[in-house]
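> Numbering (our numbering), first residue to last: 1 to 207.
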């Protein structure tokens with residue numbers, strides 16, 4: 001009985017800490033096609049320091065952006081304009097952070113993340129020049145922008161969510177370890193991210 005009470009108290013404390021840390025929420029997402037790439041603007045309820053934002057591109061075609069200490073409603077329908085580059089979108093809440101995944105048609109040559117005082121996080125994706133020109137031409141030839149509404153994701157099993165959890169938690173551990181000069185945390189975080197990418201690549205290969 002004592003063990004069960006202690007466990008319940010621990011769960012309540014973790015839930016309380018997560019709720020306090022998750023006061024910043026994702027309010028909206030805007031995607032705009034540029035001549036040299038794509039600009040993704042994420043609107044938050046409050047300012048988020050740049051060191052709390054991490055992003056990386058997976059060779060399977062997904063770009064992941066992690067917002068530490070941010071909450072996102074993964075059951076909400078997120079409407080956005082489909083562009084020549086971004087063809088899919090997913091939102092996941094893992095622990096106290098939000099992970100936004102964007103499926104891209106082209107590989108990313110370089111990217112830049114900036115966080116504004118007004119609560120916006122700007123993600124600039126730069127593509128190879130030849131690919132950017134063809135994508136921009138394709139987007140400009142459309143009469144109207146095609147709206148793509150992303151519905152709520154199906155409930156993930158622990159096997160299906162494992163790659164996302166490893167990548168997400170590994171990215172956060174690596175970032176925090178780098179800020180605190182903790183080499184062990186950085187190494188463990190990198191290994192977790194590598195394992196997650198490997199599992200995710202295997203899953204994409206089965207589709």
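Don't be surprised by glycine CBs; every beta carbon is placed ideally from N, CA and C.
Between residue 115 and residue 199, what straight-line distance do the alpha-carbon atoms span, to the nearest angstrom?
31 Å
> So, are the CB atoms of residue 71 and residue 91 less than 8 Å apart?
no
> Would you report the Cα separation of residue 93 and residue 101, rounded to the nearest angstrom?
Each residue's Cα considered, the two are about 11 Å apart.
> CB-CB under 7 Å to residue 61, same chain, minus the five flanking residues each way: which ones, in chain order?
103 and 104
> When you compare the CB positions of residue 40 and residue 123, do they come within less than 8 Å of one another, or not?
yes
> When you compare each of 37, 49, 108 and 65 to residue 59 by their alpha carbons, which one comes out closest?
108
> Would you mind stating whether residue 47 and residue 119 have Cβ atoms separated by less than 8 Å?
Yes, they are a contact pair.
> Which one of 87, 88, 66 and 194 has the shortest CA to CA distance from residue 176?
Here the closest residue by C-alpha is 66.
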